[in-house]
Amino acid sequence: FDGAPTLLILDEAWLFLDDPARGGVDEVQTTVRAHAVAQAAVRKGQVRWSDQSTRPAAALEATDLTLDVADVAYPFKAPLTFTGALGVQGSTLAFKGQATDRAAEVRLTAQALALQLAAPYLAQTLEPVLTGLVSGELALQWQAPAGDAAKAGATGITLGAGPLALEQLSLQQGKTALASVGKLALDGLKLNLDTRTVDIERLGITQPKATVERAADGLWMAERWLKSAPAASPSSATTAQASAPPPAAPAWRVRLGELAVDEGSMAFADRAQPRPVALNLSALSLQARNLALDGGKPEAFQLSARVAARRGNAGLVESRGNAGKLDYRGTLTPQPFATQGRLEASRLPLHALDGYLADRFAIELLHAEAGFRGQVAMAQSARGTTLRVSGDAAIDELRANSTAAATPKTADQVGEELLAWKSLGLRGLSVALAPDTAPRVEVKETSLADFFARITINENGRINLSDIAKSPAQVNNTPPAADTAPA
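One gets this note's numbering by counting positions in the sequence shown from 1 and adding 20 to each.
And the structure:
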């Protein structure tokens, strides 16, 4: 078969040409026309699917096939109907539907159908292996396009699903689980291939777990998951260049009536920074309603999580009792992006993000815990980002060491403790950022407890604390101009 997929139907099958209106089998066999079948049935069937075009080759065997078909006639006076079921490697797939030459619909009911059955096809583009079980209902409807729709190449296909559950989902590389989901529940899915729309009544995700990483070479983990496409042959490349590019297809429109994420966790690591960044999110919960990728209306949105730093090469998570808390309740507008609401945060580990400070500040943040309680509003536009923050903020338990020397004579201070305090409170904090406008920061009341700073004056008369923020030349990795002593 030259590597083409092969389909075999084995074992027993019966064909019943029994039309009760014509008085029994004997009479029907002499009068029925060749293009009409009253009933057909298959029992104890087997289906073997083999596809040598994939690497690895796909092989699938279905057993205990049952199929009942009724009212087969051409030309169609009424839809033919069919029902059936089969066993697929320990799972069950049942189906029923009806069809004519102009329309068809079929509903599938799966019970613990293994995603590994599709592994040979997923392996063409995905390095890790996807495992899991699918249970629930799927539907397919087809209506033959007519008129302008047919000329435009419309498919007439609509897909539906729900209630549908994917359980024990896992993306694995060898014995390592890269990401997993305890249960993904889907209700009211409708996907129209011609209008390029996706509507989902509800999507529930329970116990999602993922590791989000960027390696030292700057590649994110998802970039390593995808296999590169095979190189095009010179002849095909020449043909592609000679042909005019097809018109751009309209963007997909996606609407999600309700989204719920519960008991989530995520380990984040960025090793592409001068000092690696690592933190851990747990007890992640997200609630959203009426989300649409092109939606322009604010809709309810909630997010909460516990946040902890990860330390050392093993990425050990700090004690759960030391984890910070984050809770945000407000609204979200997808397009253009905007959000506003109330944020309550406590003991957020700023030191977990120390690696992102290395390029701009000459300090190493050993420890710092941030807190905030108040209102936040952010919006993006073509001009830029607008941000407004108002409330009470705190930075507690701060410890920072020096990482750079302004002059050769101060080199011995590198690595020494530079700043420390027990608590810094900013009551009545107001921050406003807007495009083409100078930032505005106001604080009604400031409190500082147990403050320590190592202050030195170098031979050029500069105080070391004035060099905490790196100059633009240092940020751009260019040698700064030499200081001159004051006259």
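Here a beta-carbon is modelled for each residue, glycine too, at the ideal position from N, C-alpha and C.
Nearest-angstrom Cα distance between residue i and residue j?
i	j	result
Leu368	Ala287	15 Å
Glu384	Ala298	15 Å
Gln109	Gly316	47 Å
Thr476	Asp487	11 Å
Ala98	Thr120	7 Å
Gly361	Gly411	12 Å
Ser285	Asn300	7 Å
Leu135	Ala181	16 Å
Glu319	Pro95	51 Å
Asn212	Gln161	10 Å
Asp374	Leu386	8 Å
Ala489	Arg380	6 Å
Gly107	Ala82	5 Å
Pro455	Ala205	42 Å
Phe392	Ser443	13 Å
Ala268	Thr405	29 Å
Ser302	Phe321	19 Å
Trp240	Leu146	15 Å
Leu209	Arg216	13 Å
Glu233	Gln293	12 Å
Leu438	Leu407	31 Å
Leu223	Leu246	25 Å
Gly176	Arg122	10 Å
Ala452	Ala236	35 Å
Gln118	Ala132	25 Å
Ala159	Ser324	35 Å
Could you tell me which residues DSSP puts in a beta bridge with residue i?
i	result
Thr86	Ala105
Val201	Leu189, Pro228
Ala298	Ala289
Ile415	Ala390, Leu444
Ala398	Strictly speaking, residue 398 in this sequence is Met, with Ala absent from that position. According to DSSP, which records beta bridges pairwise, Met398 is partnered with Thr359, Leu407.
Ala130	Leu113, Gly156
Ser366	Lys345
Ile477	Ile483
Lys490	Lys490 is not bridged to any residue.
Thr351	Ala320, Gln360
Glu221	Glu221 pairs with nothing; no bridge assigned.
Val281	Ile225, Leu306
Leu209	Ala181, Ile220
Leu239	Bridge partners of Leu239: none, in fact.
Go ahead and pull the three-state DSSP assignment for residue i.
i	result
Val274	strand
Gly316	coil
Gln136	helix
Arg482	coil
Ala41	Here Ala41 scores only 48 on pLDDT, less than 50, and its place in the model should not be relied on; the value that follows carries that caveat. Of the three classes helix, strand and coil, the one that applies to Ala41 here is helix, per DSSP.
Leu377	coil
Glu437	strand
Ala372	helix
Glu384	strand
Leu246	strand
Arg53	Because Arg53 sits at a pLDDT of 49, beneath the cut-off of 50, its placement in the model cannot be relied upon, and the point is left open.
Asp8	Residue coverage of the chain in this structure runs from 21 to 507, which leaves residue 8 outside it and unanswerable.
Leu304	strand
Leu142	helix
Asp91	strand
Out of the options, point me to the one whose CA is closest to residue i's CA.
i	options	result
Ala328	Leu370, Ala312, Gly117	Leu370
Leu306	Val409, Gln293, Leu352	Leu352
Ser422	Leu446, Arg474, Leu150	Arg474
Ala124	Pro270, Pro148, Pro165, Glu437	Pro165
Ala312	Arg275, Ala343, Ala292	Arg275
Ser111	Leu137, Arg127, Thr101	Leu137
Ala93	Ser155, Arg122, Ser73, Ala56	Ala56
Pro270	Leu304, Asp214, Leu301	Asp214
Leu418	Val149, Gly445, Arg63, Ala320	Gly445
Lys64	Ala236, Leu85, Arg75, Ala78	Leu85
Glu436	Ala308, Gly180, Ala382	Ala382
Ala469	Gly167, Ala440, Ala325	Ala440
Glu364	Ala378, Arg326, Val154, Gly152	Arg326
Leu449	Leu485, Ala420, Gln395, Phe471	Gln395
Arg295	Val463, Thr178, Ala378	Ala378
Val149	Leu158, Glu157, Ala199	Ala199
Thr129	Gly156, Gly117, Arg234, Arg447	Gly156
Val62	Phe102, Trp69, Pro492	Phe102
Lys464	Asn480, Ala413, Pro492	Ala413
Ala343	Gln144, Leu100, Arg127, Ala390	Ala390
Ala185	Lys203, Asn310, Thr196	Lys203
Report yes or no: do three or more beta-carbon pairs, one from the segment 275-290 and one from the segment 212-232, lie closer than 8 Å? yes
Pairs of beta-carbons, one from the segment 399-413 and one from the segment 354-362, closer than 8 Å: are there three or more? yes
Decide yes or no for the touch test of the segment 158-178 against the segment 188-195: beta carbon pairs closer than 8 Å, at least 3 of them. no
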